[in-house]
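Only one structure is covered here, and it is reproduced in the block below.
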Amino acid sequence: FANNIKIPHGNCTSPNRCTCMCLEIYSPLACNFFEFGCTGPWQDPLVNFRNVLSPGYMFGSRNCKSGFEGYVDESDRFISCHMSIHVPNFIERQTIPLAILCACIGFIISLIGFFLQRWIKKQRIRKKIARRRN
């Protein structure tokens, strides 16, 4: 189901020969002329550290960014279209820049906290000296 509409995953015209349904395609030609759709299927750069794929999903392996794929034979032709291509959300797609941003913000907050703590300590010492003078 896609948007509550039942769509086929592909068309198998002969045994073990299928054409899988692609909902969003990557086209280098369109990218060169229109500068649109210039990203291919998403591959997780952190695949060694996390698993974002749910059962029944796979990363796109060709020029299809969203749709369906399946097993391929030795001729690199689809013999099934049973898997959905995983389309990442914003956080999955931007994990590395967000982690770097959070680390930088954390570092800046730590510096501010350190210098604020030193300033407060100096203020306490000055107040203590002022009280002793009076």
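Numbers -5 to 128, taken from my numbering, label the letters of the sequence shown in order.
Heads up, the beta-carbon is just placed ideally off N, CA and C, and yes, glycines get one too.
Values in this document were obtained by computation on a predicted structure and should not be read as measured data.
Report the partner residues of Asn5 according to the DSSP bridge assignment.
In the DSSP output, where bridge partners are listed per residue, Asn5 has Thr13.
By the DSSP assignment, the alpha helix (DSSP H) with Gly61 in it spans what residues?
That residue, Gly61, is in no alpha helix (DSSP H); its beta strand (DSSP E) goes Cys58 to Glu63.
Of the choices Ile123, Met15 and Phe109, whose alpha-carbon is the least far from that of Val63?
With the sequence shown as reference, residue 63 is identified as Glu, and Val is not the correct amino acid for it. Residue Met15 is the option with its Cα nearest to Glu63.
Select from His76, Asp38 and Thr33 the residue whose C-alpha is nearest the C-alpha of Pro49.
For the residues His76, Asp38 and Thr33, the minimum Cα distance to Pro49 belongs to His76.
Comparing alpha-carbon positions, which option in Lys116, Thr7, Pro2 and Cys12 lies nearest Asp70?
Among Lys116, Thr7, Pro2 and Cys12, the Cα nearest to that of Asp70 belongs to Cys12.
Would Pro35 pass as a contact of Ile79 if the rule is Cβ separation under 8 Å?
Yes.
Does DSSP classify Phe53 as helix, strand or coil?
Residue state, collapsed to three classes: coil.
Going along the chain, which residues of its own chain have a beta-carbon closer than 7 Å to the beta-carbon of Cys6, five neighbours each way excluded?
Contacts found: Cys12.
Is DSSP giving Ile79 helix, strand or coil here?
In the structure shown, Ile79 sits in a strand (DSSP, three-state: E or B).
If we ignore side chains and look at the alpha-carbon of each, how far apart do Gly61 and Asn83 end up?
Cα-Cα distance, rounded: 15 Å.
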